[in-house]
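> The following block contains the structure, expressed as structure tokens.
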Amino acid sequence: MNAVAVGETDLQRLLAGLAPELVAQPRAIRSQPVDGPVPIDAVMLFREREGTTVVVAVDDTQDETLWAQITLRIHSSLEAVGMLAAIAGALAARDIPCNAVSAYYHDHLFVPWTRRDEAIDALRELSDGNRT
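Numbered according to the numbering used here, the sequence shown terminates at residue 312, and the numbering increases by one at each position without gaps.
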């Protein structure tokens, strides 16, 4: 068993330290049957009754909706309160859709590929506004 990694819980420190990092390769969010094979290139997998959602790396020539993955480099606690709400608010103010995944060490945001630069700008602005 791994040692417990606590992570940050203070909202202002979380927002000040977001350090958003854009993953260079676009992603696709797909659904497949629950009992289907896990794609070897899956970067995220979540099983629901209706099907399994997988996020996979793709190239930008594929004919499907492309998503940008933004990793927040701050190590947030799984018990942190308010960080994703603040992020969702900052992106919603710019009318940018966002799908968030909270992993053990970091949070990952999936925004439309065509809005990735604007999303990074919004996150940096949010972060800068919380630095003392």
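For glycine and all other residues, C-beta sits at the position ideal for the given N, C-alpha and C.
Distance check for Val234 and Ala248, CA to CA, integer angstroms please.
If you number the sequence shown from 1, residue 248 lands on position 68. If you number the sequence shown from 1, residue 234 lands on position 54. Cα to Cα, Ala248 sits roughly 14 Å from Val234.
> Say whether the region 210–220 touches the region 283–301, bearing in mind that this needs 3 or more beta-carbon pairs closer than 8 Å, one atom from each stretch.
No, because fewer than three Cβ pairs between the region 210–220 and the region 283–301 fall closer than 8 Å, the two stretches do not touch.
> Taking the alpha-carbon positions, what's the Phe226 to Leu202 distance?
Residue 226 sits at position 46 when you count from the first residue of the sequence shown. Residue 202 sits at position 22 when you count from the first residue of the sequence shown. The straight-line gap from Cα to Cα measures roughly 22 Å.
> Does the beta-carbon of Ala272 have 16 or more other beta-carbons within 10 angstroms, so that it is buried, or is it exposed?
Counting from 1 along the sequence shown, the entry for residue 272 is found at position 92. Label assigned to Ala272: exposed.
> Using CA atoms only, rank isn't needed, just tell me which of Gly309, Pro206, Met224 is closest to Thr245.
Taking the sequence shown and counting its residues from 1, one reaches residue 245 at position 65. Among Gly309, Pro206, Met224, the Cα nearest to that of Thr245 is on Pro206.
> Determine the DSSP secondary structure at Ile300, reduced to helix, strand or coil.
What you label residue 300 is simply residue 120 of the sequence shown in a count that begins at 1. If DSSP states are grouped into helix, strand and coil, Ile300 belongs with the helices.
> Whole angstroms is fine: what's the gap from Gly262's alpha carbon to Gln242's?
Walking along the sequence shown from the start, residue 262 turns up at place 82. Walking along the sequence shown from the start, residue 242 turns up at place 62. Gly262 and Gln242: Cα-Cα distance of roughly 36 Å.
> Beta-carbon within less than 8 Å of Ala266's beta-carbon, same chain only, minus the 5 sequence neighbours each way: which residues are those?
On the sequence shown, position 86 is the one that residue 266 refers to. So the list reads Leu191, Leu195, Leu306, once near-sequence residues are dropped.
> Taking the continuous alpha helix (DSSP H) assigned at Leu194, which residues delimit it?
The sequence position of residue 194 within the sequence shown is 14, counting from 1. Residues 191–196.
> Going along the chain, which residues of its own chain have a beta-carbon closer than 6 Å to the beta-carbon of Gly187, five neighbours each way excluded?
Taking the first residue of the sequence shown as 1, we reach residue 187 at position 7. The answer, listed in chain order, is His255, Ser256, Ser257.
> How many Å lie between Asp239 and Ile250 at the Cα?
Indexing the sequence shown from 1 puts residue 239 at position 59. Indexing the sequence shown from 1 puts residue 250 at position 70. Straight-line Cα distance between these residues: approximately 16 Å.
> Who are the Cβ neighbours of Ala270 in its own chain at under 6 Å, not counting the five residues just before and after it?
Within the sequence shown, numbered from 1, the residue matching residue 270 stands at position 90. Excluding positions up to five away in sequence, the list reads Ala302, Leu306.
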